[in-house]
Structures are given as structure tokens and as C-alpha cells.
Amino acid sequence: MDVMLPMDAYREKFRYAYLALYEALKDAMLQGRLAYGTKLPSSRELSARYGLSRGSVNRAYDMLISEGYAAAERGSGTYVLYRVRQEDATGQEPGEPPKLSAWANRVTGWDRNQLMRPAPGIRTAGGAARKNANGSAAEGKPGAVQGAAQGKAGRKRGGDSGLAGEVRERADSSVSTAAEVAGERVSFHLGEPDLSMFPAQEWSRLVSREVRRSSRTGRRGSDGAQGHLPLREGIAQYLRRARGIDAEAADIVVYSGSSQALAMLALLLLDPGEPAVLENPGYPGTLRAVEAAGAVPLFARVDGQGLAPEDWPARVLFTGAARQYPTGAVLPLERRQALLAWAERRGAVIVEDDYDSEFRWAGRPLTPLKGMDRAGRVIYVGTFTKTMLPEVRIGYALLPRSLVRAAVQAKALFEPHPSAAVEQRALAAFMNSGGYERHLRRMTRHYGRKAQLLSGLLRSRLNGAFDWVKSDAGLHMFGWWKGETSLYNTYRNACVQAGAEWTDASSYDFLEARPAACLGFAHLTESEMERGVERLAGIWKQMNS
Numbered sequence: 001m002d003v004m005l006p007m008d009a010y011r012e013k014f015r016y017a018y019l020a021l022y023e024a025l026k027d028a029m030l031q032g033r034l035a036y037g038t039k040l041p042s043s044r045e046l047s048a049r050y051g052l053s054r055g056s057v058n059r060a061y062d063m064l065i066s067e068g069y070a071a072a073e074r075g076s077g078t079y080v081l082y083r084v085r086q087e088d089a090t091g092q093e094p095g096e097p098p099k100l101s102a103w104a105n106r107v108t109g110w111d112r113n114q115l116m117r118p119a120p121g122i123r124t125a126g127g128a129a130r131k132n133a134n135g136s137a138a139e140g141k142p143g144a145v146q147g148a149a150q151g152k153a154g155r156k157r158g159g160d161s162g163l164a165g166e167v168r169e170r171a172d173s174s175v176s177t178a179a180e181v182a183g184e185r186v187s188f189h190l191g192e193p194d195l196s197m198f199p200a201q202e203w204s205r206l207v208s209r210e211v212r213r214s215s216r217t218g219r220r221g222s223d224g225a226q227g228h229l230p231l232r233e234g235i236a237q238y239l240r241r242a243r244g245i246d247a248e249a250a251d252i253v254v255y256s257g258s259s260q261a262l263a264m265l266a267l268l269l270l271d272p273g274e275p276a277v278l279e280n281p282g283y284p285g286t287l288r289a290v291e292a293a294g295a296v297p298l299f300a301r302v303d304g305q306g307l308a309p310e311d312w313p314a315r316v317l318f319t320g321a322a323r324q325y326p327t328g329a330v331l332p333l334e335r336r337q338a339l340l341a342w343a344e345r346r347g348a349v350i351v352e353d354d355y356d357s358e359f360r361w362a363g364r365p366l367t368p369l370k371g372m373d374r375a376g377r378v379i380y381v382g383t384f385t386k387t388m389l390p391e392v393r394i395g396y397a398l399l400p401r402s403l404v405r406a407a408v409q410a411k412a413l414f415e416p417h418p419s420a421a422v423e424q425r426a427l428a429a430f431m432n433s434g435g436y437e438r439h440l441r442r443m444t445r446h447y448g449r450k451a452q453l454l455s456g457l458l459r460s461r462l463n464g465a466f467d468w469v470k471s472d473a474g475l476h477m478f479g480w481w482k483g484e485t486s487l488y489n490t491y492r493n494a495c496v497q498a499g500a501e502w503t504d505a506s507s508y509d510f511l512e513a514r515p516a517a518c519l520g521f522a523h524l525t526e527s528e529m530e531r532g533v534e535r536l537a538g539i540w541k542q543m544n545s
């Protein structure tokens, strides 16, 4: 390997030496400076060249191998496995900026004063209503989400408030009056973290400090619609360190949860009647956002490896590449490359929704699409709803620089003054002190033990009923129903009556409503999970005896 790595620059960005080396090597592969088949130096040679420990080099190599960028051959060495596309290798400049919707173009043209005052012609006290060009009274566009989302989009992956508000998963109303059963009811519902381990005292101290500061200084205008700058800096640092994304605070916009981010992005990017690609099964909140913008959903197939790439006739795609919702499938490297190639070819935008991959207890996730994006085609959406208290409604989007102004202008239209300002400042202090990542590490170990227990129970005692999708991250398990479709509700209702219930995941399949189950486990104790699975398995055994 003759390529010299700019390690000083990477050491400034990334806290840990192994992560700096991993990022430097990965970028050299993505940019074509380390070609397919190149033999990487031995750990001894690389450690001597850059003043690193051999342990750091070996860890960086292990990460590259686990993510498909490199391969180790026993007795021979480690070789580059990433095959760069020709346009990347020639240093192709980003193409035209992503196209904005007509609505976004109007909003982007306004200055801040226009966002803060009534538009000309809008009815005011003693005034007249705004008129159309033909003199008739203007009518508002119907805002209700219609079609495939009705009747089933109310169920939520648990966490963020959005167009339809927060909805807790419940069993069917038809069985709500079931007779009481012995012992406590066990509900594998989604969206509730384990609050027993939340650092409540530390968080309370930070919030109280910000309240006291606010009472002395009043509202701080410097935060603005884009979000508190120290919080955006903390998010950028976290994304660089933990997710391998070269993020800058200037490219981040803070939202009231990721569902608000998805809704705003749909308005920014989609015109009425325009197609948008959505995963099926998928997150109902994304479907609501797309249809509320007047766009037409184009459902894409999901299999055991996540979204299956096609040449869709669209210019916006919503995907959960790191952990597909609801199945939990992780998109492999080849498919990520295919999606990026599609976006560049079509001049499209990919909205990458990374809703709960912070909690990963087996291995390290593949690089997010945003970390591989060299053409400014990916928007990365994240949230703190799963990692903090559910009431802390803070999410964010990392955008291509060309979209930041439009996103901030649109946010200012809906929120002229920043929401959750106290919580934003407290969260910034929590992140920048290192407390947030300490909390994540503690909770990842805690949730990992729960996940491994539940996974083992389901596969050993309930494998006949569901085809459980293997998962090494997140806060729920997903399984496709293996029995007759007509028996699914019979089984589910019997389980509810026996004191065990789960989230009916058939509502996430927008086309066929295939029977499936999501079992959330974050809020349950080990004994509760064991008791719940015992009841589920008991009913299954009765039905098959």
C-alpha cells in the first residue's frame, strides 16, 4: 500500500485511534485511492508508520472486514474488497443540487421578517379574506391523509410525535373486555424505554441549571430555528465518532422528533402528485408524511436483506438502511452502493431514517448511506426519543449543504422560536460532557442482555408460530406469522385473553397486510419476558394439540 493516509486530520476528528484509522482507510477505499484487491500493510507495519498500537490497527481491520470493505486470507494478509465505481474513482463532482418542491421554493424566498408577519391578503380583524386570481375565495387543500394509511397508520414504531401524534400500541378493541387472568398482564408493546436506568439526577441537574439561566437572561435569540448551536456541535461530534459520518454542525437542523423531520422533508422535496419510494413493510409515519405532502407512495419490496434496489421512476426515497423498520434487516454494502448509484443517476434524494440503531450489542453497523455519500444525495435523520426520556422530543436531520437554507426557512415557518429550548441546551451539555455516550454504553449492555434472552426464548419456544428475523440491534423483535392467515387473529386474541399481547405488525404492510408481530422488550424485566413467552407458547401448544 503506497497510499499515505492523512492521519493527523482524522485524529482531530475522531477521539479514538482505531476509529481514526478505520475512517481514513475506508475513505481511501471509497475514493478509489485504495483499489480493489490491494493488500493492506501488516498491523506491525501500519502501527510503526503512524505511531499506533497494533491493537488499534487490528481493531480497525476487524471493522473493515465485518462491514465488507476488506477480507482476510489466512497466511496471506488483508485485502481491499470494496470495488469502487468508475465515476467515484475519477473524482466526480456533485451534480445539480437536489430539486426542491414548489412549496419549498416559495418559503426559501422569504426573509425572516416575512416569516414573522401575516402574509398580504390573509384575513385579519376587520379585513377581507384572501382571493384567488379569479376573485373567488381561496380554499385550503384537504389535509387528511387518505388511502392506504387509513385504518392502519395509527400504529407507531414508538417514540416520536408526528402528523398524527403519539399513539401507544394496544391490542385490538375487540378483546379489550377479556376476562382477567391470573398474574399480571405482559404487554410487548413498542416505544417505552427502561426508565429505571435513566440518569435522572444528572439530567434533572442539567435542566434545572438551564431553567435558572433562562430566568436570569430571558429567551436567547441565538438558538434560532436551526437549533441550539452547541447541541448541533455535540450531534456532529457524536456522528463522526460513533457512526462514521463526516458531519458538521452547520449542516444539522434540530426538530421536535424524527417524525417532524420526515414530515418537513416531505414538504421540502415533494410536489403534489409526484411519486416517492417507500419501503413495504415500513413505517406508517413516513407514509403519512408523503401523502400529507400530496405525493404518491411507490412501495418498494423488502426482503431478508432490507430494501431491494430497483430503478424506480422517482427522485425521493425513504429508507431505514441501518435497521429497516419494522423487520430490523440491515442493508448490505452492495445494496447501499446500488442505492447511491440510483440517486446520482436520477438526481434523487435518499432520506435515511436511523431510528434506533444506537443500541447495537453484536458487532458494529455498516457505514450509513450518509457516510458513503459523495454527491450530496443523502439526508440522515436521527432521534433522541429512544435514548433519552420519551418526553424529550428532539430529533435532527443532517442535510446536504445545498438543502440547509430551505430546511431552516421551513422550520422557521412552523416554529418561529425554537421549541424545547431548555431541553436542547441541557442535552447539549449532557452530550458535550460525555454523559450521553456513557449512558448509551450502559443501556446498550442492559438492552443487549434482554434482547439475547428474548431472542433465545422466542426461537426455542415459539419458532413454530413465527419466522423470527435475526437482529443484533434495536428495541424490538420482528417475526412473520408462519401459520394459516385465518388463524392469526384467533391466536392473537387467545394470547390477549391469556394475559400476553404484542404489536400487530400487519398494519406495517401497506399492500397485503401480511400477519406479523413486533415484540418490544425494553420496558420489561427478564421475569416478565419469560412469563409472557410462556403464555404465548402455551396458547400455541393448545392450538396445535
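Numbering of the sequence shown is given in the UniProt record's numbering, commencing with residue 1 and proceeding in unit increments. Even glycine gets a Cβ: it sits at the ideal position worked out from N, Cα and C.
{"query": "Indicate the three-state DSSP secondary structure (helix, strand or coil) for aspartate 8 in the structure shown.", "result": "helix"}
{"query": "Can you give me the start and stop residues for the alpha helix (DSSP H) that proline 284 sits inside?", "result": "284-292"}
{"query": "Per the DSSP calculation, methionine 477 is bridged to which residue(s)?", "result": "Leu519"}
{"query": "Identify every residue that forms a DSSP beta bridge with lysine 39.", "result": "Tyr79"}
{"query": "Cβ atoms of glycine 227 and residue 547: under 8 Å apart, would you say?", "result": "In this structure the chain extends from 1 to 545, so residue 547 is not present and cannot be described."}
{"query": "Using DSSP's beta-bridge definition, name the partner residues of threonine 319.", "result": "Glu352"}
{"query": "Distance, Cα to Cα, methionine 543 vs valine 496?", "result": "14 Å"}
{"query": "Going by C-alpha distance, which of Gly285, Thr286, Val277, Gly320 is nearest alanine 300?", "result": "Val277"}
{"query": "Determine the contact status of leucine 269 and valine 349, defining contact as a CB-CB distance below 8 Å.", "result": "yes"}
{"query": "Tell me whether aspartate 467 is buried or exposed, calling it buried when 16 or more other Cβ atoms sit within 10 Å of its Cβ.", "result": "exposed"}
{"query": "Could you check the C-alpha separation between alanine 412 and aspartate 194 for me, to the nearest Å?", "result": "34 Å"}
{"query": "Please report the Cβ distance between alanine 397 and glycine 234, rounded to the nearest whole angstrom; I am assuming they are in contact, meaning their Cβ atoms lie under 8 Å.", "result": "Between glycine 234 and alanine 397 the Cβ distance is about 15 Å, and since that is not below 8 Å, they are no contact."}
{"query": "I want to know whether the segment 474-494 touches the segment 367-383 - three or more CB-CB distances under 8 Å.", "result": "no"}
{"query": "Just mark aspartate 472 as buried or exposed, buried being the case when its beta carbon has 16 or more other beta carbons within 10 Å.", "result": "buried"}
{"query": "Taking C-beta to C-beta, are proline 199 and histidine 446 nearer than 8 Å?", "result": "no"}
{"query": "Can you grab the Cα-Cα spacing for the pair isoleucine 245 / valine 381, in whole Å?", "result": "12 Å"}
{"query": "Our contact map puts glycine 520 next to glycine 191 with C-beta atoms below 8 Å; I'd like the distance itself, whole angstroms only.", "result": "7 Å"}
{"query": "On the DSSP letters alone, give me the boundaries of the beta strand (DSSP E) that threonine 503 sits inside.", "result": "500-504"}
{"query": "Measure how close the beta-carbons of leucine 79 and alanine 71 come, nearest whole angstrom, since I'm counting them as under 8 Å.", "result": "Residue identity check: residue 79 is tyrosine in the sequence provided, not leucine. About 6 Å separates the two Cβ atoms, so the contact holds."}
{"query": "Under 8 Å: do the segment 309-323 and the segment 331-346 share three or more Cβ pairs, one atom per stretch?", "result": "yes"}
{"query": "When every heavy atom of the ligand ATP is checked, does at least one fall within less than 7 Å of the C-beta of arginine 461?", "result": "Absence of the ligand ATP from the depicted structure is noted, as is the absence of any ligand whatsoever, leaving it without description."}
{"query": "Tell me which residues share the same chain as valine 207 and place their Cβ nearer than 8 Å to its Cβ, disregarding the 5 neighbours each side in the sequence.", "result": "Val422, Glu423, Ala426"}
{"query": "Helix, strand or coil: which one does DSSP assign to alanine 71?", "result": "strand"}
{"query": "Output yes if chain B places a C-beta closer than 8 Å to the C-beta of arginine 425; else output no.", "result": "Protein chain content of the structure displayed is limited to a single chain, and chain B is not contained in it."}
{"query": "Use the C-beta contact count for asparagine 280: other C-beta atoms within 10 angstroms, 16 or more gives buried, fewer gives exposed.", "result": "buried"}
{"query": "By Cβ distance, which residues of its chain are closer than 7 Å to valine 533, with the 5 residues on each side in sequence left out?", "result": "Leu457, Leu458, Arg461, Leu462"}
{"query": "Measuring CB to CB, does tryptophan 342 end up less than 8 Å from proline 309?", "result": "yes"}
{"query": "What do you get for leucine 536, buried or exposed, if any count of 16 or more other CB atoms within 10 angstroms of its CB means buried?", "result": "buried"}
{"query": "Spatial neighbours of tryptophan 110 within its chain, please: CB distance less than 6 Å, with the 5 preceding and 5 following residues excluded, ordered by chain position.", "result": "none"}
{"query": "Taking proline 326 as the reference, which of Gly282, Gly304, Lys386 has the closest Cα?", "result": "Gly282"}
{"query": "Please name the residue or residues paired with proline 367 in a DSSP beta bridge.", "result": "For the sequence presented, residue 367 should be read as threonine rather than proline. The partner list for threonine 367 (beta bridge, DSSP) is empty, contrary to what the question assumes."}
{"query": "How about residue 558 and leucine 317: do their beta carbons lie closer than 8 Å?", "result": "This structure leaves residue 558 out entirely; the chain is present only between 1 and 545."}
{"query": "According to DSSP, what are the bridge partners of threonine 383?", "result": "Gly395"}
{"query": "Does DSSP put valine 404 in a helix, a strand or coil?", "result": "helix"}
{"query": "Between which residues of its own chain and glycine 221 is the CB-CB distance below 6 Å, once the five residues before and five after are set aside?", "result": "Note on glycine 221: pLDDT 48, under 50, position unreliable in the model; no value is reported."}
{"query": "Looking at the secondary structure, which residues open and close the beta strand (DSSP E) in which aspartate 467 lies?", "result": "466-468"}
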